[in-house]
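Engineer: Numbering (our numbering), first residue to last: 9 to 290.
The C-beta atom is built at its ideal place from N, Cα and C for all residues, glycine as well.
The structure under discussion is supplied below as structure tokens; questions concerning it will follow.
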Ligand code: GLN
């Protein structure tokens, strides 16, 4: 009895100590988890040796997955060249296109390169690099379709688009349009090839590449470009990497590396690029 009493007193004395020890251990574990969730290697001062860069690799010839699983494309080569010029290596991670901005906002990636058009709307939530590519939207239809000739002629028509894109925004503004959204541009184009929609609104270089590479030779592109758009590299707001990415981009634009990559993927000399996106001016 006495023994038991003694033991319980001992326990009572030990408990506060044990509890605070447990608390310290739990807090340390939480801290570790938080660091892991924040991406660990992510930089804070703009001098990280490795940058995590998101991309949606279903947008050839900008970003695609080769048969062995490796990433390839204009954006992939360009991002690596920028890293080389600015002193960092790139660790790519694949994300759905509409998950890229949330990932940047959440800080799980440092930047993204995914043919993302610089728009005033997006610039409210992320910071963009200077423009790195000039593109624009185009309408695709079945090769034997002769009644779709312009944006106006798409009124009341069925249009397939990729979710969260400038093409989707444009389609949604057409009066009476029945817009069907897909996770990727190839899926939207396939829907058109299958005859389930009347048109696709998508980035012209990607649609043209898909038709030319033989995947979708029953399709054609209508008329001219609907828009003039510039791609930029989005980063979290106030990113410490904005300056070094812009500096790396300017270096490759002037030292011939950009032109080399452009010729590799598009077979022509690159056009002139403005220093800032016209859409953000004024
Ligand atoms: N350029 C288009 C946009 O920014 C499409 C980009 C994409 O699908 N990767 O919305």
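1) Could you tell me whether the Cβ of residue 97 comes closer than 8 Å to any Cβ of chain D?
2) Which residue from 70, 178, 161 and 117 puts its Cα closest to that of residue 83?
3) For residue 113, collect the residues of the same chain with a Cβ closer than 7 Å to its Cβ; drop the 5 residues on either side in sequence, then sort them by chain order.
4) What span of residues does the alpha helix (DSSP H) with residue 255 cover, start to end?
5) Taking the straight line between their C-alpha atoms, what separation do you get for residue 174 and residue 210?
6) By Cβ distance, which residues of its chain are closer than 6 Å to residue 166, with the 5 residues on each side in sequence left out?
7) Quick one: what does DSSP say residue 274 is sitting in, helix, strand or coil?
8) Assess contact between the stretch 247-254 and the stretch 116-123, defined as three or more Cβ pairs (one per stretch) separated by less than 8 Å. Is contact present?
9) Is it true that the CB of residue 100 sits closer than 8 Å to the CB of residue 63?
10) Within the continuous beta strand (DSSP E) that includes residue 59, where are the two ends?
11) What is the C-beta distance between residue 123 and residue 257, in whole angstroms, given that I count them as a contact (C-beta under 8 Å)?
12) Does the structure place the stretch 92-106 close enough to the stretch 142-150 that three or more beta carbon pairs sit under 8 Å?
13) I'd like the ranges of any alpha helix (DSSP H) spanning at least 4 consecutive residues and lying wholly in the stretch 163-223.
14) Is any heavy atom of the ligand GLN found at a distance shorter than 7 Å from the C-beta of residue 211?
15) In the DSSP assignment, what are the bridge partners of residue 243?
16) Could you compute how far the alpha carbon of residue 259 sits from the alpha carbon of residue 92?
17) For residue 232, which of helix, strand or coil comes out of DSSP?
18) Distance check for residue 271 and residue 278, CA to CA, integer angstroms please.
19) Rounded to whole angstroms, what's the CA-CA distance from residue 237 to residue 135? Just pull it up for me.
20) How about residue 189: is its Cβ closer than 7 Å to a heavy atom in the ligand GLN?
21) Secondary structure at residue 266, three-state DSSP: helix, strand or coil?
22) What is the residue span of the beta strand (DSSP E) that residue 103 lies within?
23) Compare the Cα-Cα distances from residue 281 to each of 221, 160, 129 and 240 and report the closest residue.
24) Report the rounded CA-to-CA distance for residue 198 versus residue 66, giving the unit in angstroms.
25) Classify residue 81: buried if its beta carbon has 16 or more other beta carbons within 10 angstroms, exposed otherwise.
26) Look at residue 227 and residue 151 and say whether their C-beta atoms are less than 8 Å apart.
27) Quick check: does the Cβ of residue 122 come within less than 7 Å of any heavy atom belonging to the ligand GLN?
28) Please name the residue in 77, 103 and 86 whose C-alpha comes closest to that of residue 264.
29) Does the distance between the C-beta of residue 129 and the nearest non-hydrogen atom of the ligand GLN fall short of 7 Å?
Structural biologist: Once the coordinates are examined:
1) Absent from the structure is chain D; it holds one protein chain and no more.
2) Closest option to residue 83, judged by alpha-carbon separation, among 70, 178, 161 and 117: 70.
3) So the list reads 133 and 244, once near-sequence residues are dropped.
4) For residue 255, the uninterrupted alpha helix (DSSP H) segment begins and ends at 250-262.
5) Cα-Cα distance, rounded: 8 Å.
6) Cβ neighbours of residue 166 within its own chain (closer than 6 Å, five residues either side excluded): 186, 205 and 206.
7) Here residue 274 carries a helix assignment [DSSP, helix/strand/coil].
8) Contact between the stretch 247-254 and the stretch 116-123 is present, with at least three C-beta pairs closer than 8 Å.
9) In this structure, residue 63 places its C-beta atom within 8 Å of the C-beta atom of residue 100.
10) Element bounds for residue 59: 58-63.
11) No, residue 123 and residue 257 are not in contact; Cβ-Cβ is about 15 Å, not under 8 Å.
12) Counting Cβ pairs under 8 Å, fewer than three are found: no touch.
13) Entirely contained in the stretch 163-223, the alpha helix (DSSP H) runs reaching 4 residues are, in chain order, 174-180, 193-201 and 212-220.
14) Yes, the Cβ of residue 211 comes within 7 Å of a heavy atom of the ligand GLN.
15) Residue pairing of residue 243 in beta bridges, as defined by DSSP: 135.
16) Here the C-alpha atom of residue 259 lies approximately 10 Å from the C-alpha atom of residue 92.
17) Coil, per DSSP.
18) Going by C-alpha positions, residue 278 is about 7 Å away from residue 271.
19) Approximately 17 Å, taken between the alpha carbons.
20) Because no heavy atom of the ligand GLN lies under 7 Å away, the Cβ of residue 189 does not count as near it: no.
21) When secondary structure is reduced to three states using DSSP, residue 266 falls in the helix class.
22) Following the DSSP letters along the chain, one finds residue 103 in no beta strand (DSSP E), marked with neither H nor E.
23) Comparing Cα positions, the closest option is 240.
24) In this model, residue 198 and residue 66 are separated by some 13 Å (Cα to Cα).
25) Of the residues assessed, residue 81 falls on the buried side of the cut-off, its CB having 16 or more other CB atoms within 10 angstroms.
26) Residue 227 places its beta carbon less than 8 Å from that of residue 151.
27) The answer is yes for residue 122.
28) Taking only the C-alpha atoms, the option nearest residue 264 is 86.
29) Because no heavy atom of the ligand GLN lies under 7 Å away, the Cβ of residue 129 does not count as near it: no.
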